[in-house]
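Enquirer:
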Amino acid sequence: MNFTKNQTTIQEFSIAAYGRVLAENGMNHYVSLLEEGILSEDEILEEFMSNKEASVRYPSTQSNSDTVILVFMNVLNREPASEEGLEFWTNRLESGGLNKTQLVQEVLDTARGASGADKQQLDNKLSIAEYYLNALSLY
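Just so you know, we're using our numbering here: the sequence shown kicks off at 5 and counts up by one.
#1: Please specify which runs of the alpha helix (DSSP H), each continuous and at least 4 residues long, are wholly inside the region 8 to 80, giving them in chain order.
#2: Could you give the first and the last residue of the continuous alpha helix (DSSP H) run that contains ALA118?
#3: Helix, strand or coil, according to DSSP, for SER86 in the structure here?
#4: Using beta-carbon positions only, say whether VAL25 and TYR136 come within less than 8 Å of one another.
#5: Quick one: Cα of GLU110 to Cα of SER86, how far?
#6: Do you know offhand how far SER141's Cα is from THR105's?
#7: Near MET77, which residues of its chain fall below 8 Å by C-beta distance, leaving aside the five closest residues on each side in sequence?
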C-alpha cells in the first residue's frame with residue numbers, strides 16, 4: 005500500500021496529534037469523510053484534537069510549554085530548536101493567538117514545507133505507518 009494524498013493527510017494528523025499511526029479502519033473512515041465532502045481537513049483535525057484521546061494526551065492541567073514540546077516530539081521527534089522557539093510557540097498559546105489544533109497544524113505545515121532533518125522525520129514516520137499497515141494487512 006502506498007498512501008494516497010488523503011491517506012497521507014489523515015496519517016499526518018494522527019502522527020501530529022497523537023504521536024501514533026491511525027489504524028486502517030480509522031484512516032479509511034476519515035478518508036471517506038474527507039472524500040465525500042462531509043468534513044474538511046480542518047474539521048477532521050479539530051475532531052482529532054477535541055476527542056477523548058486528545059483530552060488524555062493534552063489534559064487541561066498540562067502547561068502550554070509541555071503542549072508545544074509534545075507536538076514537536078510527535079511531528080519532528082525533537083523539542084523546539086531553541087528556548088526562544090519554545091517561548092514563541094508557548095506565548096502564542098497563552099495569548100490566545102493560537103489554539104492547540106492550530107499549533108498542531110502549524111507545526112505540521114512547517115515540517116511539510118521544510119527541507120533537511122525535519123522533513124525527513126515526518127517522511128520517515130509516514131513510511132513507518134505505510135510499512136506497519138502493510139504488515140498488518142498480510143495477516
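For every residue, glycine included, the Cβ atom is placed at its ideal position computed from N, Cα and C.
Computed from a predicted structure; not experimentally measured.
Expert: Taking the definition as stated:
#1: Entirely contained in the region 8 to 80, the alpha helix (DSSP H) runs reaching 4 residues are, in chain order, 9 to 22, 28 to 39, 45 to 54, 56 to 61 and 68 to 80.
#2: Position 114 of the sequence shown holds residue 118. Taken as a continuous stretch (DSSP letters only), ALA118 belongs to no alpha helix (DSSP H), as it is neither H nor E.
#3: As a first step, residue 86 must be located in the sequence shown, where it is residue number 82. Looking at SER86 - three-state DSSP - the assignment turns out to be coil, as it is neither helix nor strand.
#4: As a working note, residue 25 is residue 21 in the sequence shown. As a working note, residue 136 is residue 132 in the sequence shown. Against a cut-off of 8 Å, the Cβ pair of TYR136 and VAL25 comes out as a contact.
#5: Start at 1 with the first residue of the sequence shown, and residue 110 comes out as number 106. Start at 1 with the first residue of the sequence shown, and residue 86 comes out as number 82. Cα to Cα, GLU110 sits roughly 17 Å from SER86.
#6: Stepping through the sequence shown from its first residue, residue 141 is reached at position 137. Stepping through the sequence shown from its first residue, residue 105 is reached at position 101. In this model, SER141 and THR105 are separated by some 31 Å (Cα to Cα).
#7: Start at 1 with the first residue of the sequence shown, and residue 77 comes out as number 73. Here the set comprises GLY23 and GLU83.
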